[in-house]
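What follows is one structure encoded as structure tokens, with my remarks underneath.
Protein chains: 2
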Amino acid sequence: MYSFEELALQFKEKFEVPHFPAHPASLYEPNNYFLTLGGKRIRPVLCLMGNELFEEINPDAFHVAAAIELFHNFTLIHDDIMDKAPLRRGMQTVHEKYGSSTALLAGDVMLVAAYDYLNKINNSYSRKIIHHFNKTAREVCEGQQLDMDFEKKDNVHLDEYLKMIELKTSVLLASSLKMGAILGGAGLGNQQLIYEFGKNLGIAFQVQDDYLDAFGDPEKFGKQKGGDIIANKKTFLLIHALEAGNSTQQSHLKELLNSNNPDKVEKVVRLFQETAVDKWAVDLKEKYMASAMQNLEDIAVISSRKQPLSTLANYLMTRAH
Amino acid sequence: MYSFEELALQFKEKFEVPHFPAHPASLYEPNNYFLTLGGKRIRPVLCLMGNELFEEINPDAFHVAAAIELFHNFTLIHDDIMDKAPLRRGMQTVHEKYGSSTALLAGDVMLVAAYDYLNKINNSYSRKIIHHFNKTAREVCEGQQLDMDFEKKDNVHLDEYLKMIELKTSVLLASSLKMGAILGGAGLGNQQLIYEFGKNLGIAFQVQDDYLDAFGDPEKFGKQKGGDIIANKKTFLLIHALEAGNSTQQSHLKELLNSNNPDKVEKVVRLFQETAVDKWAVDLKEKYMASAMQNLEDIAVISSRKQPLSTLANYLMTRAH
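Residue numbers (the working numbering), protein chains in the order written: chain C, 6 to 326; chain R, 6 to 326.
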């Protein structure tokens with residue numbers, strides 16, 4: 006059994022090959038640039054871990070992992086266009102560096118490259134894997150669309166937000182694990198459990214991310230404190246505060262959202278505390294984390310095989326960034 | 006053997022099913038809207054014809070044809086964003102009607118839907134078909150990127166333009182035929198010939214398209230006369246005129262390109278005639294058409310099977326629009 010770090014290294018070595026032809030450079034250089042920005046490669050490694058939970062790693066797991074990572078990068082390139090984001094991992098985004106049209110096309114060929122990797126895997130499970138990959142791809146697009154829809158909506162309910170986060174973020178983590186499990190020969194019940202584990206872990210992770218924006222130590226977290234608050238971004242905290250606060254707190258919060266008050270972050274954070282949204286978020290995160298750990302517990306393999314995933318889950322939930 | 010029209014009708018019937026889930030409507034309604042704009046469905050029908058050239062139609066050919074048509078629509082939605090085109094087939098483009106971000110995502114899920122159809126076909130040839138599909142998808146993106154690169158370039162040589170047209174337009178026609186041929190059990194030599202037939206036909210078609218913009222009867226052609234000239238679009242005619250004209254003609258042409266002269270179209274057309282570009286274009290089209298017909302001739306099946314493709318090629322080359 007390998008740890009996350011060991012598998013991340015194995016994946017990195019296999020993934021450091023050219024994924025694109027040299028010409029035309031105007032199309033493929035942006036792709037290569039974006040891939041060198043790196044990232045923690047969590048999703049492909051989850052695929053390898055999902056495999057190894059059940060069986061020694063199937064060489065095809067590296068193909069599926071590469072497809073997942075290319076797919077994830079495709080979504081990032083396109084999301085950055087939609088969000089007009091200037092930076093990604095501290096570097097210029099593709100559309101900022103090469104223009105929106107090239108970024109659009111670079112994303113498109115990145116997705117095609119993902120399918121090239123899926124086309125390498127063994128026929129005996131390729132149909133099942135591709136079916137699952139496509140379903141996930143559709144869901145991630147749906148999540149991004151809902152996220153954009155919510156920007157224009159005044160009232161977003163918690164259950165709607167949860168569904169959006171599930172689609173935009175969680176299903177790819179869940180699906181990465183599940184595709185690995187399929188390659189590891191897992192039965193349907195175990196496939197479902199590892200999927201739920203990933204989904205619950207993903208939601209817990211997002212709750213934590215939203216929480217840290219308001220309550221994290223900016224130095225450890227590595228991001229501007231209250232970035233979501235400044236951008237009026239809908240988060241677990243904001244949505245719940247708007248539902249749980251009394252009418253005075255609700256109108257105060259709405260007023261702040263529409264203002265350029267220089268103490269906006271401080272005041273919103275104080276309102277989050279007054280409405281006990283901070284404690285609620287910690288509880289919510291722990292609820293999803295507990296569900297995830299229960300899912301892992303329920304998977305019918307000996308517990309020693311679960312160690313790397315359990316370690317990873319705990320690491321992700323105590324991370325400072 | 007079926008004619009193009011008969012196969013177009015068969016394809017239409019099979020293709021008129023929901024390709025997308027109902028929710029979220031904000032994502033999928035744009036896709037459904039775009040598909041209802043129709044089009045002649047030339048590419049999917051070429052796939053069916055490529056199949057029937059060799060063998061009775063394999064039911065999987067309809068899956069591949071659907072994938073091709075969805076892929077083609079994906080490229081149109083994304084190209085329209087890049088070209089900032091307000092209209093497509095006389096109707097609002099997706100980005101114009103629903104916004105650029107939604108159009109981007111709608112294109113993305115359209116491509117995923119194409120791969121869903123490819124995932125239905127029989128294992129015995131799925132790897133080969135998907136390999137070919139991916140190669141073509143990459144090439145079409147490369148063609149679009151080169152087209153954008155050329156917009157910013159002063160001097161584009163004929164061979165560069167030809168390569169761009171080949172990638173952007175011809176390879177999908179060629180590949181549609183070839184994938185059909187693979188499903189029809191064609192040997193490698195015949196696969197290559199039908200591919201070359203499609204490629205040459207596609208180039209001939211584009212030469213004709215460029216020619217009709219300047220010399221066609223606008224009433225029959227159904228487009229504004231000289232639309233390409235007004236937009237300073239690089240075409241076979243413009244590129245050759247800039248290479249073949251004497252230095253006076255060349256500078257006159259360059260001057261006109263940078264002007265808002267109200268008689269721009271008329272003057273450029275006259276220059277095309279003075280440099281004999283009109284005759285050159287007709288010859289070029291006929292050269293590619295002759296190559297295409299020779300490719301068809303060389304395919305090792307009895308000539309009666311070639312009739313529908315030969316009729317279609319002649320129809321396309323004498324079309325008024």
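Just so it is clear, CB atoms sit at the ideal spot from N, CA and C, and this is done for glycine as well.
Could you tell me the boundaries of the alpha helix (DSSP H) in which residue i lies?
i	result
E302/R	V282 to D303
G11/R	With the sequence shown as reference, residue 11/R is identified as Glu, and Gly is not the correct amino acid for it. It spans F9 to F20 - the alpha helix (DSSP H) in which E11/R sits, taken as one unbroken run.
L42/C	Run containing L42/C: none; DSSP gives neither H nor E here.
S105/R	S105 to L123
S175/C	Taken as a continuous stretch (DSSP letters only), S175/C belongs to no alpha helix (DSSP H), as it is neither H nor E.
With a threshold of 8 Å between beta carbons, is residue i in contact with chain R?
i	result
E74/C	no
D152/C	no
N237/C	no
I135/C	yes
A142/C	yes
L301/C	no
N160/C	no
S315/C	no
How many angstroms separate the CA atom of residue i from the CA atom of residue j?
i	j	result
V274/C	R48/R	57 Å
A27/R	I134/R	29 Å
E18/C	E11/C	11 Å
K311/C	N139/C	27 Å
H14/C	L188/C	At residue 14/C the sequence reads Leu, which differs from the His that was named. For L14/C and L188/C, the distance between alpha carbons rounds to 20 Å.
E224/R	G95/R	16 Å
D152/R	M322/R	24 Å
D303/R	R46/R	26 Å
S129/R	H77/C	30 Å
D283/C	S256/C	19 Å
E61/R	G190/R	10 Å
H245/R	L177/R	25 Å
D222/C	Q229/C	10 Å
M6/C	C52/C	14 Å
K29/C	M54/C	The question names Lys, yet the displayed sequence has Pro at residue 29/C. Distance between the alpha carbons of P29/C and M54/C is about 36 Å.
N56/C	G44/C	21 Å
D121/R	V117/C	13 Å
Taking 8 Å as the threshold (C-beta atoms), are residue j and residue i in contact?
i	j	result
M169/C	G148/C	yes
D113/R	H83/C	yes
A209/R	K290/R	yes
A90/R	T80/R	no
A305/R	N160/R	no
N36/C	M115/C	yes
K239/C	F155/C	yes
L242/R	A286/R	yes
Y200/R	L182/R	yes
L32/C	T107/C	yes
Relative to the C-alpha of residue i, which residue among the options is closest?
i	options	result
L217/C	N37/C, K158/C and D233/C	D233/C
E74/R	T280/R, S131/R, Q229/R and F20/R	F20/R
A71/R	V50/R, A90/R and D88/R	V50/R
K126/R	Y200/R, E248/R and H68/R	As written in the sequence, residue 126/R is Ile, which differs from the Lys given in the question. For I126/R, the nearest C-alpha among the options comes from H68/R.
A186/C	D164/C, Q299/C, H137/C and G221/C	H137/C
I86/C	S105/R, G189/R and G192/R	S105/R
Y293/R	L243/R, Y130/R, K157/R and S175/R	S175/R
S8/R	N37/R, L58/R and A30/R	L58/R
A236/C	A191/C, A142/C and L261/C	L261/C
D214/R	G231/R, I199/R and Y200/R	G231/R
M298/C	A119/C, L314/C and L193/C	L314/C
L167/C	L193/C, S180/C and N205/C	N205/C
Under 8 Å, Cβ to Cβ, is there at least one residue of chain C near residue i?
i	result
Y120/R	yes
N128/R	yes
H77/R	no
L163/R	no
I86/R	yes
T107/R	yes
V114/R	yes
V117/R	yes
N37/R	no
H326/R	Because H326/R carries a pLDDT of 43, less than 50, the predicted location of this residue cannot be relied on, and no value is offered for it.
H24/R	no
E101/R	no
H68/R	no
Kindly list, in the order they appear in chain D, the residues whose Cβ is closer than 7 Å to that of residue i.
i	result
S31/R	In the structure shown, chain D cannot be found, because the protein chains are C and R.
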